[in-house]
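K.L.:
Handing you a structure now.
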Amino acid sequence: MSNFTIVVHGGAGTILKEDMTPSLELAYSEVLQEALDKSYILLEKGGTAVDAVKAALIVLEDNVLFNAGRGSVFTKKGVQEMDAAIMDGSNLAAGAVCGVRNVRNPIELATEVMLHSNHVFLSGKGANDFAIKQGVKLEPDEYFFSQFRYDQWKAIRDSDNYSLDHTNHQLEELMRDKKFGTIGAVALDGMGNIAAATSTGGMTNKKYGRIGDSPLIGAGTYANNKTCAISCTGHGEMFIRSVASYDVSCLMEYKGCSLEEAMNIVVHDKLMAIQGEGGMIGVDAKGNAAMVFNSAGMYRGVKTSKGVNMVSIYK
Ligand code: ASP
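Rendered as structure tokens:
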């Protein structure tokens, strides 16, 4: 039997059991499991790692619980601007989009960029034009409206604050039980190839076209069969400054670290040194998987052909 693995995350941050209701906890667990199952079935049928990570992200982008696709947070101007990236570790092909609006599944658009353009990274209006050309599904503004995201934004829109979706120190009281996040997936397929994908609405009240780490190859997303596939979540500015996902790959390639050792160094030493809160998921070409975070929690799950099947939220 071939060896394959899918790992997903739904964001990291101040996610505490005491802030969660049993029904919300169940809703998160069910959708994370659904994303794992969808990808697993694809991998079982011989699908590629790229197909698997994309399928997982579409499940999560379509669910309002997460800060990506449908559930994306509001910008300073009161709209949703989304970022996404995908990378194929077998050939280092990559596709990314940032600041796109009304695209139902930004990860689908990123995949189109990877497979059907001569480019890696498209932004804003140009990326939206490309979406139309490729026939990627668009949705009206109402599709992306959710009352809790709106309330989250309303609470800080008149300030210069911007906030990580699931962590808001100033507004902790107000934000109780409203912690949702960026999404990501990494996979190893039966052919021995790995891939990574990440999708996000970014940070609430972001302005000036702020882009985080998620769509940046080497920062929030990276895949290379020689080393690892990584998808990050957390305070994007610090992940960009740390070139976090590529650093994991470098530690493996040049220093001989295992996947988990490399992820621990980046998440617990390097990111912590600059107050970079968050986490990451990873897989290597042997099927080792790891989920590492320095925050209180990270929505996450893993399913492997060796019988591992687990979803969890807290430390
Ligand atoms: N890393 C994302 C960003 O900074 C946010 C998140 O992970 O929730 O845009």
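All residue numbers for the sequence shown refer to my numbering, where the first residue is 55 and numbers rise by one.
The beta-carbon is built from N, C-alpha and C at its ideal position, and this holds for glycine as well.
Unbroken beta strand (DSSP E) runs of length 3 or more, entirely within the region 187 to 219: which are they?
P.N.:
Counting only runs of 3 or more, we get nothing.
K.L.:
Can you tell me whether Glu115 is buried or exposed, with buried defined as 16 or more other CB within 10 angstroms of its CB?
P.N.:
Classification of Glu115: buried, given that the 10 Å Cβ count is 16 or more.
K.L.:
Kindly say whether Val240, judged by its beta-carbon, lies nearer than 8 Å to any beta-carbon of chain C.
P.N.:
Among the chains in the structure shown there is no chain C, since it carries only a single protein chain.
K.L.:
Taking the beta carbon of Glu166 as the centre, do at least 16 other beta carbons fall within 10 Å, making it buried, or is it exposed?
P.N.:
By the neighbour-count rule (16 or more Cβ atoms within 10 Å), Glu166 is buried.
K.L.:
Consult DSSP for Met257 and reduce its assignment to one of helix, strand or coil.
P.N.:
Met257: coil per DSSP, three-state reduction.
K.L.:
Could you tell me which residues DSSP puts in a beta bridge with Met245?
P.N.:
Bridge partners of Met245: none, in fact.
K.L.:
In terms of DSSP beta bridges, what is Arg354 paired with?
P.N.:
Looking at the DSSP assignment, Arg354 forms a beta bridge with His63 and Ser366.
K.L.:
Checking the sheet assignment: what are the DSSP bridge partners for Asp323?
P.N.:
Asp323 pairs with nothing; no bridge assigned.
K.L.:
When you compare only the Cα positions, how much space is there between Lys71 and Leu80?
P.N.:
Taking the straight line from one Cα to the other gives about 12 Å.
K.L.:
Measuring only from the beta carbon, is Met1 closer than 7 Å to any heavy atom that is part of ligand 1?
P.N.:
Outside the displayed span of the chain (55 to 369) sits residue 1, for which this structure offers no information.
K.L.:
Say yes only if the C-beta of Ser268 is nearer than 7 Å to one or more non-hydrogen atoms of ligand 1, and no if none qualify.
P.N.:
Yes; taking the cut-off as 7 Å, the Cβ of Ser268 has a heavy atom of ligand 1 nearer than that.
K.L.:
Once DSSP output is grouped into helix, strand and coil, what is the label at Val346?
P.N.:
In the structure shown, Val346 sits in a strand (DSSP, three-state: E or B).
K.L.:
Check whether the region 302 to 318 and the region 170 to 186 are in contact - that is, three or more C-beta pairs closer than 8 Å.
P.N.:
Taking 8 Å as the limit for Cβ pairs, the verdict is that the region 170 to 186 does not touch the region 302 to 318.
K.L.:
Quick check on this structure: which residue in Met352, Asn215, Ala283 and Thr75 has the alpha carbon closest to the alpha carbon of Asp142?
P.N.:
Of the listed residues, the one whose Cα sits closest to Asp142 is Ala283.
K.L.:
Note down, in chain order, each residue of its chain lying with its Cβ closer than 7 Å to the Cβ of Met317, except the 5 sequence neighbours on either side.
P.N.:
Once the five neighbours on either side are set aside, the close Cβ partners of Met317 are Val302, Met334, Gly336, Ala344 and Val346.
K.L.:
Could you tell me the alpha carbon to alpha carbon distance between Lys131 and Val151, rounded to whole angstroms?
P.N.:
If I take the Cα positions, the gap works out to 20 Å.
K.L.:
Mind checking whether the beta-carbon of Gly65 lies closer than 7 Å to any heavy atom of ligand 1?
P.N.:
Yes - ligand 1 has a heavy atom lying nearer than 7 Å to the Cβ of Gly65.
K.L.:
First and last residue of the beta strand (DSSP E) that includes Gly290?
P.N.:
First-last for Gly290: Gly290 to Arg295, but that is the alpha helix (DSSP H), not the beta strand (DSSP E).
K.L.:
Give me the residue from Val154, Asn259 and Asn182 with the minimum Cα distance to Ser213.
P.N.:
It is Asn259.
K.L.:
Here's the rule I'm using: 16 or more other beta-carbon atoms within 10 Å means buried, otherwise exposed. How should His289 be labelled?
P.N.:
His289 should be labelled buried.
K.L.:
Quick one: does the C-beta of Phe293 sit closer than 7 Å to a heavy atom of ligand 1?
P.N.:
Flag set: Cβ of Phe293 near ligand 1.
K.L.:
Considering only C-alpha positions, which residue in the set Gly189, Met257 and Glu315 is nearest to Leu163?
P.N.:
Out of Gly189, Met257 and Glu315, Gly189 has the C-alpha closest to the C-alpha of Leu163.
K.L.:
Could you have a look at Tyr276 and say whether DSSP puts it in helix, strand or coil?
P.N.:
Three-state result, Tyr276: strand.
K.L.:
Which runs of the beta strand (DSSP E) at least 3 residues long sit entirely within the region 95 to 154? Give them in chain order.
P.N.:
Taking only runs of at least 3 residues, the beta strand (DSSP E) segments lying wholly in the region 95 to 154 are 136 to 142 and 147 to 154.
K.L.:
To the nearest angstrom, how far is the alpha carbon of Lys360 from that of Ala239?
P.N.:
Their Cα atoms are separated by approximately 18 Å.
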